[in-house]
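K.L.:
Residue numbers (the numbering used here), protein chains in the order written: chain Y, 1 to 594; chain P, 1001 to 1195. Glycine included, each C-beta is placed from N, C-alpha and C at the ideal position. Sending over a structure as structure tokens; questions will come in a sec.
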Amino acid sequence: MDRAKRIPESGVEFLSGNEAVARGAWEYGVHFASAYPGTPSTEILEAIGESYPEIGSQWAPNEKVALETVAGASFGGARALTAMKHVGLNVAADPLFTLSYIGATGGVVIVSADDPGMHSSQNEQDNRNIARAAKVPMLEPADSNEAKLMVGEALEISERFDAPVMLRLTTRISHSKSLVELGPRRAVEVKGYERNIQKRVPIPAHARKLHSRVEKRMLELEEYGDGSPFNRIEKGDPSLGIVTSGISYQYVKEVLPSASVLKLGMTNPLPWKLIERFIESVEKLVVVEEGDPYLQEQIRARFLIPVEGKERIPIEGELEPGIVRRGLGEGDPAQTPFVRAEVPARPPALCPGCPHRGAFYALSKIKASSTGDIGCYTLGLMPPHEALETVICMGGAVTVLNGLEKAVGREATGKLVAAIGDSTFIHSGITGLIDMVYNGGTGTVMIMDNGITAMTGGQQHPATGFDLRGEPAPRVDFEQLCRACGVKHVRTVDPHDLQEMEKALREELSREEPSVIITRRPCIMIGKPSGRAVARLDPEKCVSCRACMRVGCPAISFVDEKPEISGLLCYPDCNLCVQVCPTGALSKDMEGAR
Amino acid sequence: MKTAAEVTNVLICGTGGQGILLASEVLSGAARASGMDIKKSEVHGMAQRGGSVTSHVRFGSRVFSPLIEEGTADVVLGMEQMEGLRWLHYMRVDGTLLIPDIRINPVTVNIGAARYPDVEAGLASRNAPYRVIPALAIARELGNTRVVNLVMLGAASTLMPMIGEQSWMTAIERRVPAKALGVNMEAFERGKACL
Ligand SMILES: Cc1ncc(C[n+]2csc(CCOP(=O)(O)OP(=O)(O)O)c2C)c(N)n1
């Protein structure tokens, strides 16, 4: 909270796109914000929680809950914001599509942070298509300053046109920093709640009227977009006209500073009159956009003219200046002065001391494996464990195991557990567990409770006992929750107690009834190590059997037929390698360890 | 060398947990204190779990792209040897690569699926101008292996004359926690003396 004092009222600050959105929420009078973490959106709510106590902010169990809560706040006349990664909007799509009909009383901003290039995601979906399908206005900033300004613009549009507004970021906007002009917080009143059943209960009779209003609203917004300061023509050489938006604008300016550019900041609906004017002013039209041919196809369909775009700029992956340069036929393609070196990949790995390592070690040791889910523990797929075989989306571990059992019976549930993290279980694992019990499944769910949402950098959730601001909060009790779902066999183990871990897995996998194993041990990000112990090798006792290498710890490498332990990387409170060494060659003085 | 009117590109690379974000924050802060426009890109999420990490920093009178184009980096600042080689193709022909006396095996090497390359041979075969900075040795002498990043940054600072002495000091003071300020300042100075 003392950081709140450190971000000044005015001046210029160097902020990431996410920090700028948080700043915008504060300056433009947002009262309430709720989100579920997800890269690259996570830091928006973190920054609000850390720096802007005037905004009520909280972590939600998932994105649907966050958006619905934000909708409720808007019904009460408050300005409200939610933020999520692109796939989070799939989870929140149900409320989104109908909130589009119902509209917004207090302004509603829905931040969708897409991840072209899949830096930290399982797909590359382009959520501009969702804004269009849901018929909600959408803004796309090209840097941090615009990200801040567009929060204000989104709130204005939301209240004026009675619509939730999507603010679409991408990884490169969220996680790049640029200079932002700061201003004070505007005083905005909470309007209060007034009942309006026709508007907020979309039974078919009401919804038909609401739908008409939505269609009319989108036409009005087209006109509004023609005059919006965020849509602008930058006149240049008329032989080539480039239509672009978001981060792609920066690459175009970098590569072809002299071209005529139509920079679109509001990309749903499109400002057709402005686009027409631009088309008339240039000889040839090229669309430079990351992801799908969202602008290209709409412009082509509208004017029935040749528009180049995806013929030059790839659909797949993230853009960068070189790709845009080559796409526009500028400069030497892919010639760098120093030839790219092929060096070994450095894939991410479970950290030294990670609690999940014990569980995956035990699974692979008994030749079992898992249907998986999304989180740090997805890394259980990596060698040497290779003990995670499926992932779809959050919550999918439990349900996929249920489905597999329907297909192949105990062949699946005797060999595979559903591996799911604590945050993910809260997000959307609970319904799968209820389904398993209800429909006679016999699977074992392994809730990997490391006490935090680790993958996204360590956020609190309803089962950690703390809230967004780090204040104590009521804590979901997994054991009781699972029993209440109808699971009779619920047990908790320390995943670093390999014997117990193995025993639990063997027993529950062979049990022809639904069961839950909670593997509980804190993530190394939250636990403070109790000392500085480092595992040691007695080379006399070592028989070079490589048992320790099957732990898959980044701190252990195999040099000259013996394990070598990195003192820099070895985590004090972990002794997995010591436990698996059959000759006692590895030891660790755990004195003082918890 | 360049004037502030042009854009200077610095690519910082290494592995998760090496203090790359701090180094790029200090660099951005120093460029800003010298009155320049700046943009910077960084990696969050999955890649931070021990993966290969980069931060792009660009500064000058007006900067558009937050990403450096391949083949245009003035300085590639490696915090780990193999990572320096991995990102070499970002460097411009008259650029400089700095690497430390540090090798961190990726898991692929640990489990014997790959071999750690001979980095200096790779650099020599490409005629790449590079310097090895004994950053870990210096950091050990200073009694804190966590200041490797500031030693490297100190060395790199000698390649950026457009940023004034005072700007570096201001930026370090702003970004480094007060109790570690002394050792970080010293690390920076020792790095500077390496080139
Ligand atoms: C719908 C959706 N929302 C958010 C994310 C981002 N995300 C990936 S993993 C994860 C949570 C992981 O936490 P947990 O289940 O506790 O596992 P841990 O990483 O701590 O092992 C989140 C929020 C996502 N992939 N999908």
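Between the C-alpha atoms of glutamate 561(Y) and isoleucine 315(Y), what's the straight-line distance to the nearest angstrom?
P.N.:
For the purposes of this step, residue 561(Y) is identified with residue 561 of the first sequence, where counting begins at 1. For the purposes of this step, residue 315(Y) is identified with residue 315 of the first sequence, where counting begins at 1. Cα to Cα, the separation comes out at about 47 Å.
K.L.:
For leucine 304(Y), does the count of other Cβ atoms within 10 angstroms reach 16, so buried, or fall short, so exposed?
P.N.:
As a position in the first sequence, residue 304(Y) is number 304, starting the count at 1. Residue environment for leucine 304(Y): exposed (fewer than 16 other C-beta atoms within 10 angstroms of its C-beta).
K.L.:
Going by the C-beta, is serine 423(Y) closer than 7 Å to any heavy atom of ligand 1?
P.N.:
Here residue 423(Y) is taken as the residue at index 423 of the first sequence, counted from 1. True, at least one ligand heavy atom lies under 7 Å from that Cβ.
K.L.:
Since I believe valine 286(Y) is in contact with valine 151(Y) (beta carbons under 8 Å), could you give me their beta-carbon distance rounded to a whole number of angstroms?
P.N.:
Here the question's residue 151(Y) lines up with position 151 in the first sequence. Here the question's residue 286(Y) lines up with position 286 in the first sequence. That belief does not hold up - the Cβ atoms of valine 151(Y) and valine 286(Y) are roughly 30 Å apart, past 8 Å.
K.L.:
Going by C-alpha distance, which of Ser1065(P), Glu1173(P), Ile1102(P) and Ser1052(P) is nearest aspartate 1037(P)?
P.N.:
Numbered from 1 along the second sequence, position 37 holds the residue referred to as residue 1037(P). Answer by Cα proximity: Ser1065(P).
K.L.:
Which value, in whole angstroms, describes the spacing of the CA atoms of tyrosine 1130(P) and aspartate 1074(P)?
P.N.:
Within the second sequence, residue 1130(P) is the residue found at index 130, counting from 1. Within the second sequence, residue 1074(P) is the residue found at index 74, counting from 1. Between tyrosine 1130(P) and aspartate 1074(P), the C-alpha separation is close to 12 Å.
K.L.:
How big is the Cα-Cα spacing for valine 108(Y) and tyrosine 1116(P)?
P.N.:
Start at 1 with the first residue of the first sequence, and residue 108(Y) comes out as number 108. Start at 1 with the first residue of the second sequence, and residue 1116(P) comes out as number 116. Distance between the alpha carbons of valine 108(Y) and tyrosine 1116(P): 52 Å.
K.L.:
Alpha carbon to alpha carbon, how far is alanine 1023(P) from leucine 1097(P)?
P.N.:
The sequence position of residue 1023(P) within the second sequence is 23, counting from 1. The sequence position of residue 1097(P) within the second sequence is 97, counting from 1. If you take the alpha carbons of alanine 1023(P) and leucine 1097(P), they lie about 16 Å apart.
K.L.:
Ligand 1 and isoleucine 452(Y): does any heavy atom of the ligand fall closer than 7 Å to the residue's C-beta?
P.N.:
For the purposes of this step, residue 452(Y) is identified with residue 452 of the first sequence, where counting begins at 1. Checking the Cβ of isoleucine 452(Y) against ligand 1 gives yes.
K.L.:
Rounding to the nearest angstrom, what Cα-Cα distance links alanine 163(Y) and isoleucine 524(Y) in this structure?
P.N.:
Taking the first residue of the first sequence as position 1, residue 163(Y) is located at position 163. Taking the first residue of the first sequence as position 1, residue 524(Y) is located at position 524. Taking the Cα positions, alanine 163(Y) is about 43 Å away from isoleucine 524(Y).
K.L.:
If you measure between the beta carbons of glycine 241(Y) and serine 281(Y), is that distance less than 8 Å?
P.N.:
Within the first sequence, the letter at position 241 stands for residue 241(Y). Within the first sequence, the letter at position 281 stands for residue 281(Y). In this structure, serine 281(Y) lies closer than 8 Å to glycine 241(Y) by Cβ.
K.L.:
Please determine if the stretch 63-70 of chain Y and the stretch 89-98 of chain Y are in contact, where contact requires at least 3 C-beta pairs separated by less than 8 Å.
P.N.:
yes
K.L.:
How far does the alpha helix (DSSP H) with alanine 259(Y) in it extend, from its first residue to its last?
P.N.:
The residue labelled residue 259(Y) in the question sits at position 259 within the first sequence. No alpha helix (DSSP H) contains alanine 259(Y), which is instead part of the beta strand (DSSP E) from 259-264.
K.L.:
Give the DSSP bridge partners of histidine 489(Y), in chain order.
P.N.:
On the first sequence, residue 489(Y) is found 489 positions in, with the first residue counted as 1. Histidine 489(Y) is bridged to Ser515(Y).
K.L.:
Start and end of the beta strand (DSSP E) containing glutamine 58(Y)?
P.N.:
If you number the first sequence from 1, residue 58(Y) lands on position 58. Its beta strand (DSSP E) spans residues 56-59.
K.L.:
Once you ignore the five residues that flank proline 539(Y) on each side, which residues in its own chain have a CB closer than 8 Å to its CB?
P.N.:
Position 539 of the first sequence, counting from 1, holds the residue named residue 539(Y). Excluding residues within five positions, the ones whose Cβ falls inside 8 Å are Lys562 and Ala585.
K.L.:
Rounded to a whole number of angstroms, what is the C-alpha to C-alpha distance between aspartate 494(Y) and leucine 568(Y)?
P.N.:
The count along the first sequence starts at 1 and reaches residue 494(Y) at position 494. The count along the first sequence starts at 1 and reaches residue 568(Y) at position 568. Computed Cα separation, rounded: 25 Å.
K.L.:
Compute the Euclidean distance between the alpha carbons of arginine 312(Y) and glycine 327(Y), then round it to the nearest angstrom.
P.N.:
Numbered from its first residue, the first sequence carries residue 312(Y) at position 312. Numbered from its first residue, the first sequence carries residue 327(Y) at position 327. One C-alpha to the other measures close to 5 Å.
K.L.:
Scan the stretch 444-466 of chain Y for residues whose Cβ lies nearer than 8 Å to a Cβ of chain P and list them as they occur along the chain.
P.N.:
Residues passing the 8 Å Cβ filter: Met455, Thr456 and Gly457.
K.L.:
Counting along the chain, where does the alpha helix (DSSP H) carrying lysine 588(Y) start and finish?
P.N.:
Taking the first residue of the first sequence as 1, we reach residue 588(Y) at position 588. Note, lysine 588(Y): premise wrong, no alpha helix (DSSP H); not H, not E.
K.L.:
When the Cα atoms are used, what is the spatial distance from glycine 103(Y) to leucine 149(Y)?
P.N.:
If you number the first sequence from 1, residue 103(Y) lands on position 103. If you number the first sequence from 1, residue 149(Y) lands on position 149. Approximately 22 Å, taken between the alpha carbons.
K.L.:
What beta strand (DSSP E) runs, 3 residues minimum, are completely inside the stretch 145-199 of chain Y?
P.N.:
Entirely contained in the stretch 145-199 of chain Y, the beta strand (DSSP E) runs reaching 3 residues are, in chain order, 165-170 and 176-182.
K.L.:
Consider the Cβ of phenylalanine 1059(P): report whether some Cβ of chain C lies at a distance smaller than 8 Å.
P.N.:
In the structure shown, chain C cannot be found, because the protein chains are Y and P.
K.L.:
Return the CA-CA distance between glycine 403(Y) and serine 228(Y), expressed in angstroms with no decimal places.
P.N.:
Your numbering for residue 403(Y) matches position 403 in the first sequence. Your numbering for residue 228(Y) matches position 228 in the first sequence. Distance between the alpha carbons of glycine 403(Y) and serine 228(Y): 50 Å.
K.L.:
In angstroms, rounded to a whole number, what distance separates the CA positions of phenylalanine 595(Y) and arginine 277(Y)?
P.N.:
Here chain Y covers residues 1 to 594 and nothing more, so residue 595(Y) does not appear.
K.L.:
Evaluate alanine 78(Y) with the Cβ neighbour count: other Cβ atoms within 10 Å of its Cβ, from every protein chain shown; 16 or more gives buried, anything less gives exposed.
P.N.:
Stepping through the first sequence from its first residue, residue 78(Y) is reached at position 78. Taking every protein chain shown into account, the CB of alanine 78(Y) has 16 or more other CB atoms within 10 angstroms, so this residue is buried.
K.L.:
Short of 8 Å in beta carbon distance, which residues of its chain neighbour aspartate 2(Y), apart from the five on each side in sequence? Order them along the chain.
P.N.:
On the first sequence, residue 2(Y) is found 2 positions in, with the first residue counted as 1. For aspartate 2(Y), the predicted structure reports a pLDDT of 46, less than 50, and the residue's modelled location is therefore unreliable. A value from the coordinates is still provided. The answer is none, since no qualifying residue turns up.
K.L.:
Which residue's Cα is closest to the Cα of asparagine 127(Y): Met84(Y), Ala154(Y) and Pro204(Y)?
P.N.:
For the purposes of this step, residue 127(Y) is taken as the residue at position 127 of the first sequence. Comparing Cα-Cα distances from asparagine 127(Y) to each of Met84(Y), Ala154(Y) and Pro204(Y), the minimum goes to Met84(Y).
K.L.:
Note down the Cα distance separating alanine 463(Y) from glycine 49(Y), rounded to an integer number of angstroms.
P.N.:
On the first sequence, position 463 is the one that residue 463(Y) refers to. On the first sequence, position 49 is the one that residue 49(Y) refers to. Looking at the backbone, the Cα of alanine 463(Y) and that of glycine 49(Y) are separated by about 19 Å.
K.L.:
Nearest to leucine 381(Y) by alpha carbon, out of His356(Y), Ala131(Y), Arg483(Y) and Arg410(Y)?
P.N.:
What you label residue 381(Y) is simply residue 381 of the first sequence in a count that begins at 1. The shortest Cα separation from leucine 381(Y) among His356(Y), Ala131(Y), Arg483(Y) and Arg410(Y) belongs to His356(Y).
K.L.:
Check the Cβ-Cβ distances between alanine 1004(P) and every residue of chain Y, and say whether any is below 8 Å.
P.N.:
Translated into positions along the second sequence, residue 1004(P) becomes position 4. Only weak support exists for where alanine 1004(P) lies, its pLDDT of 41 falling under 50; the coordinates are left without a value.
K.L.:
So is serine 248(Y) buried or exposed if we call it buried at 16+ other beta carbons inside 10 Å?
P.N.:
The residue given as residue 248(Y) occupies position 248 in the first sequence. When all chains shown are included, serine 248(Y) counts as buried.
K.L.:
With DSSP as the reference, label tyrosine 52(Y) as helix, strand or coil.
P.N.:
The count along the first sequence starts at 1 and reaches residue 52(Y) at position 52. Residue state, collapsed to three classes: coil.
K.L.:
Please confirm if glycine 322(Y) has its CB atom under 8 Å from at least one CB of chain P.
P.N.:
Counting from 1 along the first sequence, the entry for residue 322(Y) is found at position 322. Yes, contact with chain P.
K.L.:
Indicate the three-state DSSP secondary structure (helix, strand or coil) for arginine 1126(P) in the structure shown.
P.N.:
Taking the second sequence and counting its residues from 1, the one referred to as residue 1126(P) is at position 126. Three-state result, arginine 1126(P): coil.
K.L.:
I'd like to know whether the C-beta of glycine 966(P) is nearer than 8 Å to at least one C-beta of chain Y.
P.N.:
Past the edges of chain P, shown from 1001 to 1195, lies residue 966(P), and the structure says nothing about it.
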